[in-house]
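Numbering (our numbering), first residue to last: 1209 to 1388.
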């Protein structure tokens, strides 16, 4: 039996009505955070993926029981987050049905890749993400890349994000073993 492909199931209204298999949920360690076992990545949203297609994907994902939506300030220069925010404001999905995960510390400026994990840059990225997403908090805020800022400074930004309520949980991605 071929692997079910719910993302291909919803390119027309008629196909959106068919019943999709339910996505299971799992706990993230002992953090209290529960996410769907499958996540929806938004790397191409705002570039190759148009709003109409993203809307159909997100609706089908949530209808199938999916909750974890992965995005980043760097994806399409923030357009992926803007699209999610637009869909939330339009009522396409409810904020409470999503576990929003976004990232900070990596971006493209003047056509060049920039990694800035300083406290000021990270918190600026988070404020921008919250504005684009149209929400007061993200469920998981991740450090997108290892940077040159002192680790204590980087960690203080993650700590402030949690203590202020802007992020419920924090984490890292794109790190190799010795960096953790």
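All C-beta atoms, glycine included, are put in the ideal place defined by N, C-alpha and C.
Three-state class that DSSP yields for residue 1352 in the structure shown: coil
Residue from 1268, 1262, 1347 and 1313 whose Cα sits closest to the Cα of residue 1304: 1347
Proximity winner among 1350, 1381 and 1259, relative to residue 1367 (alpha-carbon distances): 1350
Neighbourhood of residue 1234 by C-beta distance below 6 Å, restricted to the same chain and skipping five residues each side: 1245
Backbone CA spacing between residue 1231 and residue 1276 [nearest angstrom]: 11 Å
Three-state class that DSSP yields for residue 1377 in the structure shown: strand
Beta carbon of residue 1267 nearer than 8 Å to that of residue 1318: no
Nearest neighbour of residue 1313, chosen from 1381, 1238, 1237 and 1236 [CA to CA]: 1381
Start-to-end residues for the beta strand (DSSP E) that takes in residue 1275: Run containing residue 1275: none; DSSP gives neither H nor E here.
Supposed contact pair residue 1355 and residue 1325 - C-beta distance, whole angstroms, cut 8 Å: 3 Å
As assigned by DSSP and simplified to three states, the class of residue 1247: strand
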